[in-house]
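Chains as they are written, first to last, in our numbering: chain A, 11 to 301; chain B, 11 to 301.
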C-alpha cells in the first residue's frame with residue numbers, strides 16, 4: 011500500500027502504472043508532475059491521476075513513492091530539484107530502458123551511498139504512446155526487472171516489488187551491468203538493425219522497386235523501426251558501451267556469414283543457419299506467449 | 011488451359027499450384043515426378059496430383075507445361091535428363107527464389123537462345139512445408155514475379171501468366187538482375203541478419219540471461235531465423251553477388267550508426283531513425299495487408 015505516489019512524466023508507462031494501481035486500490039493518492047499543465051489536466055480528466063502540480067518540490071512533499079519517468083536528458087535537473095525536499099523515508103524508482111546511466115545520475119546528485127533508489131525497468135509497451143494510450147492491464151504477465159545496488163535498502167526494494175506486483179507484473183532482479191548488456195543484445199541491437207535495414211534500403215538505387223516488393227519478412231523485421239526515434243536515440247546515448255559491444259559482435263558474425271557466402275561454403279552456411287533455427291525454436295517454446 | 015502439367019518436386023509450392031489449378035479446372039491432367047515414390051503416392055492420395063512417375067523423360071512426354079520445383083543443386087542434372095525428350099512446344103517454368111542462377115542452368119543445357127523457358131518466382135509460403143502443407147488458396151492475392159528474357163517467346167510467357175492468374179495470384183514482370191537485387195535487399199538480407207542475430211546472441215557469455223529476457227522485438231525480428239536452413243543455404247549460394255552487395259551496404263550503414271553512437275551524436279541518430287520510421291510507416295500504409 012502506498013500513501014502518496016508521485017509520477018514525474020505521466021505518459022504510457024507512468025499512466026498505465028497509475029491505472030493498474032487504481033484498480034488494485036494500492037495508493038491513497040496519485041499525483042502527477044511535469045511541465046505541461048494541459049497534458050496533466052488531461053491525465054486527471056482520464057482518471058489516471060488524482061491531481062497534479064508543476065512544481066517538483068511540492069510534488070514530493072509527504073510522498074512515500076516517487077516514480078521518475080522523464081527522458082534521460084531531464085533526469086539530472088529534476089533530481090536536483092527534488093533532493094532538498096524529498097522525505098527521508100521516500101523511495102525513488104524509475105522505469106527507464108537503461109539502468110547504468112540513471113544510477114550514475116542519481117549517484118551524482120544524491121551521493122554514492124544513497125540507499126533509497128530502486129532502479130527499475132518494466133518491459134512493456136505499445137505502439138502508441140502518451141497518457142491517452144495508458145491502460146490498466148499493460149503490465150499483466152509482463153516482466154519488470156529491478157536492479158537494486160549493493161547498498162540499496164532491501165525494504166525499499168521490497169516495496170517497489172510489491173507495487174509492480176500489484177499491476178500483475180512478473181518481477182525479476184539483475185545486476186545493473188548485466189541488465190544493460192542483456193537489453194543491449196535482445197532489444198537495443200535489434201532496433202538498431204531494423205533502423206539500419208530500412209535506411210540501407212532507402213539508399214539503394216532500386217529503392218522504388220524495393221519498397222514495392224518488400225514482403226512479409228521485411229514487415230516483421232522492420233516493425234520495430236516504427237518505434238519512437240526520440241526514445242531510441244536516448245537509449246543509444248545512455249547505453250553506449252554495451253550497444254557498441256553487441257554491434258561489434260554482430261558485425262563480426264555478419265562478416266563470417268558473408269565470408270561463407272563468398273566462399274560458397276554451403277555446409278558451413280547450413281550448419282550456422284540450422285543452429286540458429288534450433289535455438290530460436292527452443293526459445294519460442296520456452297517463453298510461449300509471454301515472450 | 012493446360013493439357014498436361016508436369017511438376018518436378020511436389021512440395022508446398024508445386025503442390026499448392028496443382029491444388030489451385032484443380033479448383034480452377036485449368037489442367038486436364040497433373041503428373042508429379044521426383045525420386046521419392048512414397049512421397050509421390052501421398053501426393054496422389056491427397057488429391058494433389060493425378061499420377062506420378064519416377065522417370066523424368068516419361069514425365070515430360072506430351073507435356074505442354076513443365077514446372078521445375080526442385081532444389082537448385084538438382085536442377086542441372088534434371089535439365090539434362092529432360093532435354094532430349096521435351097516436346098518442342100512445351101513450356102518450362104520454375105518457382106525458385108533466385109532467377110539468375112536458374113537462367114544460367116537452363117542456358118547451359120538448352121543453349122543461349124532457348125525461347126521456351128519462363129523464369130518465375132511466386133512470393134508465397136507457409137511456415138510448414140511439404141506436400142502435406144499444400145493448400146489451394148496459397149497464391150490468392152500473392153505476387154508472382156516472372157522474369158522473361160529478351161529472347162523468351164511472348165506466347166510462352168503469356169501462358170505461364172495465365173496459369174498463375176488462375177490461382178488468384180497477382181502477376182508482375184521484372185528483369186532477371188533487378189529481381190535478384192530487389193529480393194536480396196527485401197528478403198535475403200533480412201534472413202541473413204536474423205540468422206546472424208540469433209547466432210550472435212548464442213555466442214555471448216550472457217547467453218542464458220539473454221535467451222530468458224529476449225522480448226517481443228526479438229521474437230518478431232528472428233521469426234525468419236526459423237526458416238528452412240536448406241532453402242536459405244541455396245538462396246545464399248545462388249544469389250551470391252547481389253546478397254554480398256546488400257550485406258556490404260548494410261554493414262556500411264550499421265557502421266555509420268555505430269559511429270554516431272560512439273560520437274554521442276543525438277541529433278544525427280534521431281534524424282536517421284525518424285527518417286527510417288517515416289519510410290517504414292509509409293510502406294505499411296502503401297502495401298496494406300498484402301505486404
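Using N, Cα and C, we set each Cβ at its ideal position, and we do this for glycine too.
Determine whether the Cβ of residue 242 of chain A lies closer than 8 Å to any Cβ atom of chain B. yes
Determine, using beta carbons only, whether residue 195 of chain A comes closer than 8 Å to chain B. yes
Does the distance from the C-beta atom of residue 87 of chain A to that of residue 107 of chain A stay below 8 Å? no
So residue 270 of chain A and residue 279 of chain A are supposed to be a Cβ contact under 8 Å. How far apart are they, rounded? 5 Å
Taking the alpha carbon of residue 28 of chain A as the point to measure from, which residue in A:215, A:176, A:266 has its own alpha carbon closest? A:176
Return the CA-CA distance between residue 75 of chain B and residue 205 of chain A, expressed in angstroms with no decimal places. 44 Å
Which of the three DSSP states, helix, strand or coil, is assigned to residue 299 of chain B? With a pLDDT of only 45 at residue 299 of chain B, under 50, the local geometry of the prediction cannot be trusted, and the value read off the model is given with reservation. Correct three-state label for residue 299 of chain B: helix.
8 Å Cβ cutoff met for residue 236 of chain A and residue 285 of chain B: no
Taking Cβ-Cβ distances shorter than 9 Å, what residues in chain A pair up with residue 253 of chain B? 268, 271
Just how far apart, CA to CA, sit residue 212 of chain A and residue 289 of chain B? 8 Å
Alpha carbon to alpha carbon, what distance is there between residue 12 of chain B and residue 140 of chain A? 58 Å
Environment of residue 244 of chain A [buried if 16+ CB atoms lie within 10 Å]: buried
For residue 299 of chain B, which residues from the same chain have a beta carbon less than 7 Å from its beta carbon, with the 5 sequence-adjacent residues on both sides left out? In this predicted model, residue 299 of chain B has a pLDDT of only 45, less than 50, meaning its place in the structure is not dependable; the value taken from the coordinates is given anyway. If we look at residue 299 of chain B and ignore the five residues flanking it on each side, it has no Cβ neighbours.
How far does the beta strand (DSSP E) with residue 11 of chain B in it extend, from its first residue to its last? No beta strand (DSSP E) holds residue 11 of chain B; DSSP gives it neither H nor E.
On the DSSP letters alone, give me the boundaries of the alpha helix (DSSP H) that residue 94 of chain B sits inside. Where residue 94 of chain B is concerned, there is no enclosing alpha helix (DSSP H), given that its DSSP letter is neither H nor E.
How many whole angstroms separate the CB atoms of residue 129 of chain A and residue 112 of chain A, which I take to be in contact at a CB cut-off of 8 Å? 6 Å
From which residue to which residue does the beta strand (DSSP E) around residue 182 of chain A run? 180-183
Using three-state DSSP, classify residue 287 of chain A as helix, strand or coil. helix
When the cut-off is 8 Å and only beta carbons count, does residue 299 of chain B lie next to chain A? For residue 299 of chain B, the predicted structure reports a pLDDT of 45, less than 50, and the residue's modelled location is therefore unreliable. The matter cannot be settled from this model.
Do residue 178 of chain A and residue 304 of chain A come within 8 Å of each other at the CB atom, strictly closer than that value? Given that chain A is displayed from residue 11 to residue 301, the structure contains no residue 304 of chain A and the question cannot be resolved.
Does the beta carbon of residue 136 of chain A come closer than 8 Å to any beta carbon on chain B? no
Under 8 Å, with one C-beta from each stretch per pair, do the stretch 248-265 of chain A and the stretch 188-200 of chain A reach the 3-pair mark? yes
Considering only the beta carbon of each residue, do residue 105 of chain B and residue 70 of chain B sit closer than 8 Å? no
Please list the partners that residue 107 of chain B has in chain A, where partner means a Cβ-to-Cβ separation under 9 Å. None at all; the shortest Cβ gap to chain A is about 11 Å.
Pick helix, strand or coil for residue 132 of chain B, following the three-state DSSP scheme. strand
At a Cβ cut of 9 Å, what residues of the stretch 183-208 of chain B count as close to chain A, listed as they run along the chain? 184, 188, 189, 191, 192, 193, 195, 196, 197, 199, 200, 201, 202, 203, 204, 205, 206, 207, 208
Does any residue of chain A bring its CB to less than 8 Å from the CB of residue 23 of chain B? no
Between which two residues does the alpha helix (DSSP H) holding residue 80 of chain B run? Residue 80 of chain B -> no alpha helix (DSSP H), and no H or E assigned at all.
Take residue 135 of chain B as the anchor and find which of B:26, B:39, B:30 has the nearest alpha-carbon. B:26
Partner residues on chain A for residue 261 of chain B, Cβ-Cβ distance less than 7 Å: 261, 264
Strictly below 7 Å CB to CB, what residues from chain B border residue 291 of chain A? 236
Using DSSP's beta-bridge definition, name the partner residues of residue 153 of chain B. B:180
What residues in its chain sit with their C-beta under 7 Å from that of residue 170 of chain A, if we drop five residues either side in the sequence? 101, 103, 128, 130, 156
With a CB to CB cut of under 8 Å and the five nearest residues on each side skipped, what residues in its chain are close to residue 96 of chain B? 70, 73, 76, 102
Alpha carbon of residue 301 of chain B to alpha carbon of residue 19 of chain A, nearest angstrom: Low confidence applies here, because residue 301 of chain B scores a pLDDT of 40, under 50, leaving its location unreliable; read the following figure in that light. When rounded, the distance between both Cα atoms is 37 Å.
Exposed or buried, what is residue 273 of chain B when buried is set at 16 or more other beta-carbons lying within 10 Å of its beta-carbon? exposed
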